[in-house]
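**Q** Just so you know, we're using full-length UniProt numbering here: the sequence shown kicks off at 1 and counts up by one. Beta carbons: idealized from backbone N, C-alpha and C, even for Gly. Fair warning: this is a prediction, and the values are worked out from it, not measured in the lab.
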Amino acid sequence: MVIEAVAEEHSTRTVHPQRWAFPLLLALLALALGCSGLPSPLYPIYQAEWDMSPLTITVVFAVYAIGALGAALTVGPISDALGRKPVLITALVLILSGLVLFLVANSAWVLIIARFLHGMAIGTITVTAGAALLDVRPFAGARNGVASGVALNVGITITVIGAAAAAQWASNPLRIPYAIVAGVVVVMLVAVIALVEPHTGRTGGRIRLQAPTIPQEIRSDFWFSGIGIMTAWSVLGVFLSLYPALTQHATGHESVIFVGLVVGLMAAAAAVSQWVGGRLEPRRAAIIGDVGMVVALLCAIWALNVGSTAFVILDSIALGAVFGLAFGGSLRHLNDVAPPDARGRVMSAYYLLGYFAMGVPTVVAGALASTYGTATIFPWFAVAVALACLAAAVLGVRGTRQAAIVESDVLG
Numbered sequence: 001m002v003i004e005a006v007a008e009e010h011s012t013r014t015v016h017p018q019r020w021a022f023p024l025l026l027a028l029l030a031l032a033l034g035c036s037g038l039p040s041p042l043y044p045i046y047q048a049e050w051d052m053s054p055l056t057i058t059v060v061f062a063v064y065a066i067g068a069l070g071a072a073l074t075v076g077p078i079s080d081a082l083g084r085k086p087v088l089i090t091a092l093v094l095i096l097s098g099l100v101l102f103l104v105a106n107s108a109w110v111l112i113i114a115r116f117l118h119g120m121a122i123g124t125i126t127v128t129a130g131a132a133l134l135d136v137r138p139f140a141g142a143r144n145g146v147a148s149g150v151a152l153n154v155g156i157t158i159t160v161i162g163a164a165a166a167a168q169w170a171s172n173p174l175r176i177p178y179a180i181v182a183g184v185v186v187v188m189l190v191a192v193i194a195l196v197e198p199h200t201g202r203t204g205g206r207i208r209l210q211a212p213t214i215p216q217e218i219r220s221d222f223w224f225s226g227i228g229i230m231t232a233w234s235v236l237g238v239f240l241s242l243y244p245a246l247t248q249h250a251t252g253h254e255s256v257i258f259v260g261l262v263v264g265l266m267a268a269a270a271a272v273s274q275w276v277g278g279r280l281e282p283r284r285a286a287i288i289g290d291v292g293m294v295v296a297l298l299c300a301i302w303a304l305n306v307g308s309t310a311f312v313i314l315d316s317i318a319l320g321a322v323f324g325l326a327f328g329g330s331l332r333h334l335n336d337v338a339p340p341d342a343r344g345r346v347m348s349a350y351y352l353l354g355y356f357a358m359g360v361p362t363v364v365a366g367a368l369a370s371t372y373g374t375a376t377i378f379p380w381f382a383v384a385v386a387l388a389c390l391a392a393a394v395l396g397v398r399g400t401r402q403a404a405i406v407e408s409d410v411l412g
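(1) Any contact of the segment 216-228 with the segment 155-169, i.e. 3+ C-beta pairs under 8 angstroms?
(2) Tell me, please, whether the segment 233-251 touches the segment 34-52 by the rule of three or more beta-carbon pairs shorter than 8 angstroms.
(3) Looking at Ile113 and Ala32, is the spacing between their C-beta atoms short of 8 angstroms?
(4) For Gly252, which residues in the same chain have their Cβ closer than 8 angstroms to its Cβ, ignoring the five residues on either side in sequence?
(5) Please work out which residues of its chain come closer than 7 angstroms, Cβ to Cβ, to Lys85, disregarding the five sequence neighbours upstream and downstream, and give them in chain order.
(6) Looking at Val75 and Thr128, is the spacing between their C-beta atoms short of 8 angstroms?
(7) Between Pro361 and Gly237, is the Cβ-Cβ spacing less than 8 angstroms?
(8) Using 8 angstroms as the threshold, is the C-beta distance between Ala232 and Phe102 below it?
(9) Please state whether DSSP places Glu197 in a helix, a strand or coil.
(10) Should the segment 272-291 be regarded as contacting the segment 170-187, the criterion being three or more beta carbon pairs within less than 8 angstroms?
(11) Using a Cβ-Cβ cutoff of less than 6 angstroms, which residues in the same chain neighbour Val256 once the five nearest sequence positions on both sides are dropped?
(12) Is DSSP giving Asp51 helix, strand or coil here?
(13) Could you pull the start and end residues of the alpha helix (DSSP H) that Ser330 belongs to?
(14) Closest to Ala68 by C-alpha separation, out of Val263, Leu353, His118 and Leu325, would be which residue?
(15) Suppose the cutoff is 6 angstroms on Cβ atoms and the five residues either side in sequence are ignored; what does the same chain contact list for Leu265 look like?
(16) Could you tell me if Ala21 is buried or exposed, where buried requires 16 or more neighbouring beta carbons within 10 angstroms of its beta carbon?
(17) State buried or exposed for Val146, treating a residue as buried only when at least 16 other CB atoms are found within 10 Å of its CB.
(18) Buried or exposed: where does Thr56 fall if 16 or more other Cβ atoms within 10 Å of its Cβ makes it buried?
(19) Shortest alpha-carbon distance to Tyr178 belongs to which of Phe116, Asn153 and Val100?
(20) With 16 other CB atoms within 10 Å as the buried threshold, where does Arg398 fall?
(21) Quick one: Cα of Ser241 to Cα of Leu29, how far?
(22) Assuming the contact rule is C-beta atoms closer than 8 angstroms, Ala321 and Ser273 should be a hit. Round their C-beta distance to whole Å, please.
(23) Mapping the DSSP letters down to three states, classify Ile122 as helix, strand or coil.
(24) Tell me whether Val385 is buried or exposed, calling it buried when 16 or more other Cβ atoms sit within 10 Å of its Cβ.
(25) Relative to the C-alpha of Val363, which residue among Ala271, Leu298 and Ala62 is closest?
(26) Using C-beta distances below 6 angstroms, list every residue in its chain close to Ala404, excluding the 5 sequence neighbours before and after it, in chain order.
(27) Roughly how many angstroms lie between the CA atoms of Gly34 and Leu298, to the nearest whole one?
(28) With a cut-off of 8 angstroms on the beta carbons, I'd call residue 434 and Phe224 a contact; round off their distance for me.
(29) In three-state terms, what does DSSP make of Ser171?
(30) Got a sec? Which residues, its chain only, sit under 7 angstroms from Val87 by beta carbon, not counting five neighbours each side?
(31) Are the Cβ atoms of Leu94 and Val60 separated by less than 8 angstroms?
(32) Given this structure, state the Cα-to-Cα distance separating Ala270 from Asp51, to the nearest angstrom.
(33) With distances taken Cα to Cα, identify the nearest neighbour of Val294 among His333, Leu152 and Pro379.
(34) Rounded to whole angstroms, what's the CA-CA distance from Leu25 to Tyr372? Just pull it up for me.
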């Protein structure tokens, strides 16, 4: 018991002169993902007032993934060389620039540019703040991962529900939410400027970018985790772009606050399940999440056909819970198997698949929805993603059996 207590204290010790550095970094992660979901409850308003098609909405959403992908693949080496603080300050300035564009936007092109800037900033914060958490608490890798996942989903929950509430009762729903978040960003920017640089081992030398590669010995594990993030994030992309208007049409609720609650409760359930699921073995958690997503996606089709408000909300909560298990489990599993000398490249490849899955299927679904209608396309999309989730679960079960056979051979 004494040894466990010492290990517990050692793993949560902050090696940084400012004790508030760790919660600040978690707040930055929450802010980043909050900004990614900020426009979601407002998309139905844009569609109605600006006569935007489902394809345009999904392009506005998906261009964020392109910016985030570029940042995720480049900012790691940059922050290693220059330090975390200047990179985080740059990202917050980009977020402010995007928010200003949202405030003055009068066309879809301005929204696309703003979302691209936010994608770059959010990808930068996700990678850099994640690395800074390890700088601040180097003995708590697993705990940092769970805390990061919870912070990301809490950020979406608070921002989406807050934006929906502001838009519901504000005189200018397409301006007020962005102005409020801009004020929060300014406060965070001041805090980061006051932050002591967490990365004391920065090289200060030449920046070398490496292409993401997968070591041969973990390729089957990587594809299990890779399919997990692809299925989870493809669901996230469509549910943050097309699903809000679809739920309004199906249930007859035209209020923005209803859309915010649907998306916000999904994100909140994901945060809770990632926290609770952190106690499960990673592969098992991911398999449970993948199977659960199959059921939840099929139930989403049924809930929309029935048009029941209660069923739509309950299914959103269920989908968020299993999404959290699938994504959190696959990420923790990959962290467990990735060799120390290849973690950067492996995680780059992992998020490459995630952002690709968030962007491309969303745009394809939007293009088809513009031609055939969102209500017609959504069931086909849900079935296709459900099959991919089932494939990820099968890979996970096969990998578990192979690992058990290898372990029995070694013990035998």
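**A** To lay it out plainly:
(1) The segment 216-228 makes no contact with the segment 155-169, as fewer than three CB pairs between them are under 8 angstroms.
(2) These segments touch.
(3) Here Ala32 is not near Ile113, since their CB atoms are 8 angstroms or more apart.
(4) Closer than 8 angstroms at Cβ, skipping near neighbours: Gly307.
(5) Scanning its chain for C-beta atoms nearer than 7 angstroms, with the 5 sequence neighbours on each side dropped, one finds around Lys85 the residues Val192, Leu195 and Glu197, in chain order.
(6) Less than 8 angstroms separates the beta-carbon of Thr128 from that of Val75.
(7) Going by C-beta atoms, Pro361 is nearer than 8 angstroms to Gly237.
(8) No, they are not a contact pair.
(9) In this structure, Glu197 counts as coil in the three-state DSSP scheme.
(10) At 8 angstroms Cβ cutoff, the stretches do not touch.
(11) Cβ contact annotation for Val256 (same chain, cutoff 6 angstroms, sequence separation greater than five): Pro41, Ala164, Ala167 and Gln168, in chain order.
(12) The answer is coil: DSSP assigns Asp51 none of H, G, I, E or B.
(13) Run containing Ser330: Thr309 to Val337, per the alpha helix (DSSP H) assignment.
(14) Ranked by how close their Cα comes to the Cα of Ala68, the residues Val263, Leu353, His118 and Leu325 have His118 in first place.
(15) Once the five neighbours on either side are set aside, the close Cβ partners of Leu265 are Ser316 and Ile317.
(16) Buried.
(17) Buried.
(18) Buried.
(19) Out of Phe116, Asn153 and Val100, Val100 has the C-alpha closest to the C-alpha of Tyr178.
(20) Arg398 should be labelled exposed.
(21) In a straight line, the C-alpha of Ser241 is about 21 angstroms away from that of Leu29.
(22) Distance from Ala321 to Ser273 at the Cβ level is roughly 4 angstroms; contact confirmed, criterion being Cβ atoms closer than 8 angstroms.
(23) DSSP, read as helix, strand or coil, puts Ile122 in helix.
(24) Its Cβ being crowded by 16 or more others within 10 Å, Val385 is buried.
(25) Closest in alpha carbon position to Val363, among Ala271, Leu298 and Ala62, is Ala62.
(26) Because the pLDDT at Ala404 is just 48, under 50, the model does not fix this residue reliably, and the point stays unresolved.
(27) As the crow flies, the alpha-carbon of Gly34 is around 27 angstroms from that of Leu298.
(28) With the chain covering only 1 through 412, there is no way to say anything about residue 434.
(29) In the three-state scheme derived from DSSP, where H, G and I count as helix and E and B as strand, Ser171 is classed as coil.
(30) Cβ neighbours of Val87 beyond the five flanking positions: Val75, Ile78, Ser79, Thr124 and Thr128.
(31) For Leu94 and Val60, no; Cβs fall outside 8 angstroms.
(32) The alpha-carbon atoms of Ala270 and Asp51 are separated by roughly 32 angstroms.
(33) For Val294, the nearest C-alpha among the options comes from Pro379.
(34) The alpha-carbon atoms of Leu25 and Tyr372 are separated by roughly 44 angstroms.
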